[in-house]
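Colleague: Numbering (the working numbering), first residue to last: 70 to 342.
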Amino acid sequence: MTAIAPINPNASVRQDRTGDSPVTLISRYFRGHVPATPLAANFEVDACPGASRALLRFADDIGRAVGYDREQGGALIQDIFPVRASEHHQVSTSSKVTLGSHTETAFHTHKPRYVVLMCLRGDPHAATTYSDINDIVMQLSDESLTVLQSNEFVTTVDPSFMSNGEPDATVTVTPITKTSGSWKLVYDELLMSGTTSRASDALAELHRAVKACTQQVVLQHGDLLVIDNDRAVHGRTPFTPRYDGTDRWLKRSLVVRELPATGVVGRVIQTRL
Numbered sequence: 070m071t072a073i074a075p076i077n078p079n080a081s082v083r084q085d086r087t088g089d090s091p092v093t094l095i096s097r098y099f100r101g102h103v104p105a106t107p108l109a110a111n112f113e114v115d116a117c118p119g120a121s122r123a124l125l126r127f128a129d130d131i132g133r134a135v136g137y138d139r140e141q142g143g144a145l146i147q148d149i150f151p152v153r154a155s156e157h158h159q160v161s162t163s164s165k166v167t168l169g170s171h172t173e174t175a176f177h178t179h180k181p182r183y184v185v186l187m188c189l190r191g192d193p194h195a196a197t198t199y200s201d202i203n204d205i206v207m208q209l210s211d212e213s214l215t216v217l218q219s220n221e222f223v224t225t226v227d228p229s230f231m232s233n234g235e236p237d238a239t240v241t242v243t244p245i246t247k248t249s250g251s252w253k254l255v256y257d258e259l260l261m262s263g264t265t266s267r268a269s270d271a272l273a274e275l276h277r278a279v280k281a282c283t284q285q286v287v288l289q290h291g292d293l294l295v296i297d298n299d300r301a302v303h304g305r306t307p308f309t310p311r312y313d314g315t316d317r318w319l320k321r322s323l324v325v326r327e328l329p330a331t332g333v334v335g336r337v338i339q340t341r342l
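#1: With respect to the alpha helix (DSSP H) encompassing C282, which residues constitute its N-terminal and C-terminal limits?
#2: To the nearest angstrom, how far is it from the Cα of T309 to the Cα of E156?
#3: Would you say S322 and A128 are within 9 Å of each other, going by their C-beta atoms?
#4: Apart from the five residues on each side of it in sequence, which residues of its chain come closer than 7 Å, Cβ to Cβ, to T106?
#5: Less than 6 Å between C-beta atoms, sequence neighbours within five positions excluded: which residues of the same chain meet that for V82?
#6: What residue from R153, V103, L272 has the CA that sits closest to F260's CA?
#7: Can you give me the start and stop residues for the beta strand (DSSP E) that L124 sits inside?
#8: Could you spell out where the alpha helix (DSSP H) holding M207 opens and where it closes?
#9: Flag this pair as yes or no: are the beta carbons of T306 and Y199 separated by less than 9 Å?
#10: In the DSSP assignment, what residue or residues form a beta bridge with L168?
#11: For the beta strand (DSSP E) containing T215, list its first residue and its last residue.
#12: Please say whether G291 and R100 have beta carbons closer to each other than 9 Å?
#13: Helix, strand or coil for G263? Go by DSSP, reduced to three states.
#14: Taking only the alpha-carbon atoms, compute the straight-line gap between P78 and D89 and give it to the nearest angstrom.
#15: Indicate the three-state DSSP secondary structure (helix, strand or coil) for Q285 in the structure shown.
#16: Report yes or no: do three or more beta-carbon pairs, one from the segment 326–339 and one from the segment 134–142, lie closer than 8 Å?
#17: With DSSP as the reference, label E327 as helix, strand or coil.
#18: My parser needs the beta strand (DSSP E) runs of 3 or more residues fully inside the segment 224–250; what are they?
#19: Output the distance between the C-alpha atoms of A330 and S210, rounded to the nearest integer angstrom.
#20: Taking the straight line between their C-alpha atoms, what separation do you get for R153 and Y312?
So, in structure tokens, the structure goes:
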């Protein structure tokens, strides 16, 4: 199976920061002070601006950090910490459930190329999970791999894009594609479904393949994890929050290679379904 590619925290060259692995770990990238973990989301106040600046610099070194109009108010740097109201929901602020393996914003026309996670405060029980498409395709039968390259699949909108009552939608997707000799994956363990019986069977096989290839990494203070959103899916194991200021806290940046020509205001990508 594909291992995480470790990178020197002082790396500054673009290609060094992404490498050939779909998942790259930079240990102790951020060394600044971290205040108590927030207890409630507040998009107007940044509780750790130094970390946000460091993450934004990194994100803009490998592409362009973007926000999405229907998620966290379009913030370029998002905070991820447990929220009591979403403990059991399939959103990043959950805690007591397994966050299913997924491509970030699998439903969206303008998906990020990279998901960058900076750990401000870790939890030994909260592992980030990931599966590499190159490992996954090795687990698939030829028949299922062919079907998974068709448009006989749909997914729906991420719950985090509907937190203010925005509408859901059904979007046609092709789970696996091959471009210039490289496999790419669009996947959501819980939201994706097949529209034909053969598609449903192939998707069930894909579910099993993703699980068989899943690996874990527990992030610690200062660690930075870069996930290639085209080549790896990710999730999280469950953990028990304390809501006392010591809970797991990540900052997240979603990065595109280039801003889309349309459907973007500044750096905030619009959601048109």
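In this text, a Cβ means the ideal position worked out from N, Cα and C, and glycines have one as well.
Modeller: This is what the structure holds:
#1: 266–282
#2: 9 Å
#3: yes
#4: F150, R190, G314, T315, D316, W318
#5: Bear in mind that a pLDDT of 32 at V82, under 50, signals an unreliable position, so the model cannot answer this.
#6: Looking at the sequence provided, one finds Leu at residue 260 rather than Phe. The candidate whose alpha carbon is nearest that of L260 is L272.
#7: L124 -> not in any beta strand (DSSP E); alpha helix (DSSP H) instead, spanning 118–131.
#8: 202–207
#9: no
#10: R305
#11: Looking at the DSSP string, T215 is not in any beta strand (DSSP E); the run it does join, the alpha helix (DSSP H), is 211–216.
#12: yes
#13: strand
#14: With a pLDDT of only 48 at P78, under the threshold of 50, the placement of this residue in the model should not be trusted; the figure read from the coordinates follows. Looking at the two C-alpha atoms, the distance is approximately 17 Å.
#15: strand
#16: yes
#17: coil
#18: 239–242, 245–248
#19: 38 Å
#20: 8 Å
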